[in-house]
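Note that my numbering has the sequence shown beginning at 66, numbered continuously upward.
Glycine is no exception: its CB is placed at the ideal position from the N, C-alpha and C atoms.
Because the structure is a prediction, the values reported are computed rather than measured.
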Amino acid sequence: GPAPPAPGAKTTGDFLRALGRRVWLVLLVAVAVILPGAVFIMRQPAIYRTSAEIRIEPPKVDPTLASIIANTGIGAPDREANDKYVPTHLAILRNSKELASRVVADREVGPPPPGVDDPIAELQGGLSVRPYPNTNFFEVNLEGPDPARVYRLLRSLLRHFEEQTHNDSIKTAEQSKVLAQQSLSALQQEIAKIDKSIYDLIKSSNIFAPGGKNLVEEEYSMLKSVLLQKRLRFDDLVQEERIARFYPNHKGPAAPSPREMKIAKLLEQKEYWEEQALKLKGMARNFNGDPAARYITQRLDRVLVELEKLERATGPQPPDLTRMMLSHSAEEIRQIEQKVGETLEKMQESMADYQKYLTLLKDREDKASEITATNKRLAQFTFLAQTQKPPVTILREPTEPTAPVRPKRATNLALVVVLGLGLGVGLVCLLEYFDRSVKVPEHLTAGLTLPLLGVVPRMRRLARIHRGGHLWTPGAPESLEADAYRNVRASLLGLSGPRGPLVTLLVTSAKMGEGKSTTALNLAATCARAGERTLLVDCDLRRPSLAEVFAAEEDEGEGPHPGLADVLRDELPWQRAVTRTDIPNLDFLPAGDPTGVPIEVLGSLELRQLITALASHYHRVILDGPAVLGLADGRMLGRVADATILVVRSGVHELRPLRRAKEMLEQSRVPIAGVVFNGLIDDLQNWSSYGPNTAYGYSLDDGQAATRSRGLEALPETAAATAAAGIPED
């Protein structure tokens, strides 16, 4: 099987045994925690909670409103503003002093109850908001000691919050409208500036025609058209001249004279300029002051003057009309081409002013379009603003609570009970963790590497057994304690030492109070009841304790009985110092009067000779010796004994003093037969087949009857009654 754990290592079994041993401490700690906790829980006031559901959404602005708000910069529906809208209004709901003051001042809420100095703190302290994941829905909770007031406070708070957010939305829209109107006025002022710039540009330049056209460009186009016509006419004349030259008899139409041709041309020009004057007169507001009108009038006057001159002039007909017409047409073409070149230069020079004019005109058209659109949007603004959806919507109204939510007294009391028991268990486990004392035989055998001769349970406090000096073997032979000493004797059977069979046994312990005297007494009684002639010797000259167990009633008050000390002083032989006991086969040699006897006598030759004589007369000689640590008595006695039995009490000492006691005995070459583990509590069920309260199925009261029924003679009660009232455990 697995090796036993080290003495310092704590196992689950150790902690469970500690809990069973100290269950009173667990209950004490639990009571100390549960009582004040229960009083505190029962005195806590009842807290009521009412809840409602709301939805908070950023205002969804109509496209018409959005276009205005985006231009003004107030409440612009950008993504960042939408992301901050809900957290901002949640903070207002939870922390706004202004909103809370309006709520507590509401007549519907009523005055604060007695003891409430700050109703705003009362409202905000009990308010909590829980969001629903991935939505704009929120649960608003309000807690307080008065269910009716809690209901009224939350209802008033949500109503005021809804009104405030709606009014803020309308106010923002109205501010946007005002700023849009201001922007419209600014646009109109910009158009006025553009109009003034256009007027100044037209006034400073004579290139503009009615409708904003470039006069130079118009003149250039007209000259190009006239030039084209002249060239076509010139080509026709050249063709006619060639035909006349090659076909002299050809009678074509009579060619007009140059005078007639010039008159026809002037009539065409007169008709053109009159037509232009009529168009300009219908477009221009101030026809007489318009530069283009003056220009047309001047050209028309020139044409009329030339017509008048031609009508008065007379002269001979040219002999060759065709050549004269060709010459005249070529001259006209040359003049027109020259004029076209001059007009082109003038047009190029005027392009800068005209381009500036076009730019101003485009800006004016854009501004005018923007003004027109803004006017239309503003005309619809009032209606659209009033129809906007409110940002906060109450989805579920609060209701007056009927049952408190806190404190949950049953749950809290259960938690306090669990806490108290847990603290008690924790304290016991903590004490067990820091407790390094040896409590179970496994720790002892693993730490000392000595054989375990027997395990003796903790002795019960029974009156008749206590009066008999804890003589369990004759007093309660069917008890678990008596059987434990039988196991110790059974472990000694068959053991032998350096000098042969074990006859002389020294019973000692590391320190006082571990039950070595009780162990020596019951081991001697067990050996005697088994038929061995046994002598129990009280060798503890410093603190003798066994004399009172076997003292007769007539000896009480007469001083100490002669014993070992008297024999070592050669005052009497050992046969006269030995006392016969009421237990068959058991004799007792008390310590006697140690006055004047040095402790060194325990290692003297006289003691060796005495022990040798006793060993030759008895089957067992049990020596009840002193403790080992700090004293040399036990080590000197151990050298004269065949073997030494080390008694260890459960839960008294750590392993270190036991190891030191073993080392001291081994240093003195004292043979150690083994260890008797005394006072076992924790693991007793694993060392007994019938349990700690019965003996082979019989109670202690039935022990003598059970013994007699099997033909065994029990110790008479009168024999136990002759003993003293009891002795110490050691």
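Proximal residues to residue i (C-beta, below 8 Å), its chain only, five neighbours per side dropped
i	result
A95	V482, G485, L486, L488, G489
K404	L288
K727	L513, L515, L711, I737
Reference residue i; option with closest CA among the options
i	options	result
Q363	L702, L343, W338	W338
L158	I112, R220, G175, P176	R220
V194	M326, L244, P152, L372	P152
R594	N160, L155, D548, Y113	D548
E665	P638, L606, I710	L606
E435	E397, L252, T644	L252
M107	I676, G690, T476	T476
N160	Y150, L188, K149, D148	L188
A357	E396, L266, N279	N279
I648	A245, S669, I398, C592	C592
R82	D689, P566, E497	E497
Extent of the continuous alpha helix (DSSP H) run through residue i
i	result
L670	670 to 682
P212	212 to 269
A612	612 to 615
N477	474 to 499
R704	698 to 705
M107	88 to 108
K75	From DSSP, K75 is part of no alpha helix (DSSP H); its letter is neither H nor E.
T591	581 to 594
A167	A small correction: the amino acid at residue 167 is Arg; Ala does not occupy that position in the sequence shown. Segment 162 to 169, the alpha helix (DSSP H) holding R167.
A630	629 to 633
For residue j and residue i, the rounded distance between their alpha carbons
i	j	result
V88	L478	21 Å
E619	L588	Note that E619 has pLDDT 41, beneath the 50 cutoff, so the model's placement of it is unreliable and no number is given.
E801	L297	The first residue shown for the chain is 66 and the last is 795, placing residue 801 beyond what the model contains.
T599	A678	13 Å
A438	A257	18 Å
P659	L90	45 Å
L426	N271	18 Å
G762	G703	In this predicted model, G762 has a pLDDT of only 40, less than 50, meaning its place in the structure is not dependable; the value taken from the coordinates is given anyway. Answer to the nearest angstrom: the Cα atoms are 40 Å apart.
L84	A680	47 Å
Q413	Y360	20 Å
S556	V520	11 Å
R634	L536	31 Å
V740	D603	20 Å
Y550	A97	43 Å
E325	S392	15 Å
N650	F80	45 Å
F226	V181	23 Å
V281	D355	16 Å
R721	P110	57 Å
D265	H154	55 Å
A706	E636	24 Å
R724	E671	31 Å
I401	S248	54 Å
A218	D233	Looking at the sequence itself, residue 218 is Leu, so the reference to Ala does not match. The alpha-carbon atoms of L218 and D233 are separated by roughly 22 Å.
M701	C494	42 Å
Cβ shell of residue i (< 6 Å), same chain only, five flanking positions each side left out
i	result
P67	Low local confidence applies: a pLDDT of 48 at P67 is under 50, so the model's placement there is unreliable, with the coordinate-based value given in what follows. So the list is empty, once near-sequence residues are dropped.
P198	none
D428	I259
R773	A caution first: R773 carries a pLDDT of 39, below 50, which makes its placement in the model unreliable, though a value can still be read off. There are no such residues.
Beta-bridge partners of residue i, as assigned by DSSP
i	result
Y113	G209
S561	P566
D652	L600, R645
L460	In the DSSP output, where bridge partners are listed per residue, L460 has none listed.
I687	L570, L601
L517	V740
I710	V572, G739
L192	L207
I121	V457
N279	F273
S502	E719
F202	R120
P522	L745
Close beta carbons around residue i, own chain, < 7 Å, minus the five adjacent residues each side
i	result
A213	E465
I139	Confidence at I139 is low in this model, with a pLDDT of 44, below 50, so its placement is unreliable and the value that follows should be read with caution. Closer than 7 Å at Cβ, skipping near neighbours: T237, Q240, S241, L244.
Extent of the continuous beta strand (DSSP E) run through residue i
i	result
A738	737 to 745
A468	Note, A468: premise wrong, no beta strand (DSSP E); not H, not E.
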